């Protein structure tokens, strides 16, 4: 099936197709998207950061144009797959790992599993800081309701996009079409359900993996920036307080009138914040 996705390159990793975009020169940056999403959520940041960084955006396994794994899709499996993709892209130096939503948890898992790969963490409305999550994701953990809810439909795709952004102007026809194309892949529902059920239940995000991961990340003492949108309907902004408590050395920033993807809704301010953090990670960022 031909996907209605913007053009990007491809890598072959362990015999598996990986959709990616690699541009720019300088310190490496890795951009990781959320569950059911694609690297296109970072298009604006990729272009801005590639002015003075080597930027790698990838579709996670089973997402967008990347083929699924042969094994179950879990957080450790995704992190390992990202590491393999970085090797294939020739990224050997420690990279600034930037992750939105699930991508934030993948970035943390990658840093915890192989600290030599991480120069810093930028966690954007990241999974891992609390139990609360939108009811739409919690319902996916219920059998057989989850598979029924994942049936591709324009109304569902539009409603999902509307939940992601505070400003409805960002709910474009192009984004809805991309979401539908991704959802129509034969493996999409399976990958989504494997991830949702490994990370949570109908009650919310499981505490076991969160506790272990946050303890591991805190022990790294890695420069970390945590940002959130105050109108996030997917992972509530109250999780930012949890991030401050669990990662007391992290710098935190809350974007006003912003939803689940500050990297899109506040592209210029997000870019300025992140690059300033990388230039002086020891300084405070006002909340």
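Residue numbers (full-length UniProt numbering): 1 to 287.
Note that beta-carbon positions come from the ideal geometry of N, C-alpha and C, so glycine has one too.
Remember, it's a predicted structure, so these values are computed and weren't measured experimentally.
Let me check understanding here. Comparing Cα to Cα, which of 65, 266, 85 and 96 lies closest to residue 231? The shortest Cα separation from residue 231 among 65, 266, 85 and 96 belongs to 266.
DSSP three-state assignment for residue 260, whether helix, strand or coil: Looking at residue 260 - three-state DSSP - the assignment turns out to be coil, as it is neither helix nor strand.
Taking all protein chains shown into account, do 16 or more other C-beta atoms lie within 10 angstroms of the C-beta of residue 146, making it buried, or fewer, making it exposed? At residue 146 the pLDDT is 47, less than 50, meaning the model places this residue with poor confidence; the figure from the coordinates comes in the next sentence. By the 10 Å Cβ count, residue 146 comes out buried.
I need the straight-line Cα distance from residue 194 to residue 77, nearest angstrom please. Distance between the alpha carbons of residue 194 and residue 77: 11 angstroms.
Does the distance from the C-beta atom of residue 98 to that of residue 32 stay below 8 angstroms? Cβ distance < 8 angstroms, so residue 98 and residue 32 count as in contact.
Residue 233 by DSSP, collapsed to three states: which one? DSSP places residue 233 outside both helix and strand once states are collapsed to three, so it counts as coil.
Residue environment, residue 52, which counts as buried when at least 16 other CB atoms sit within 10 Å: The Cβ neighbour count for residue 52, taken over all protein chains shown within 10 Å, is under 16; the residue is labelled exposed.
Using a Cβ-Cβ cutoff of less than 6 angstroms, which residues in the same chain neighbour residue 246 once the five nearest sequence positions on both sides are dropped? The beta carbon of residue 246 is closer than 6 angstroms to those of 214 in its chain, skipping five residues each way along the sequence.
Quick one: measure Cβ to Cβ for residue 64 and residue 191, integer angstroms, because I've assumed they're closer than 8 angstroms. The distance from the Cβ of residue 64 to that of residue 191 is about 11 angstroms, inconsistent with a contact at the 8 angstroms cut-off.
If you follow the beta strand (DSSP E) that residue 9 is in, where does it begin and where does it stop? Residue 9 -> beta strand (DSSP E) spans 9 to 13.
Taking the alpha-carbon positions, what's the residue 67 to residue 118 distance? Rounded to whole angstroms, residue 67 to residue 118 spans 25 angstroms at the Cα level.
Given residue 225, which residues of its chain have a CB within under 6 angstroms of its CB, disregarding the five upstream and five downstream residues? Excluding positions up to five away in sequence, the list reads 122, 251 and 277.
If residue 104 and residue 124 are in contact, beta carbons under 8 angstroms, what's the gap, nearest whole angstrom? Yes, they are in contact, since the Cβ atoms of residue 104 and residue 124 sit about 6 angstroms apart, within 8 angstroms.
Residues in its own chain within less than 6 angstroms of residue 48 by CB, not counting five upstream and five downstream? Once the five neighbours on either side are set aside, the close Cβ partners of residue 48 are 271.
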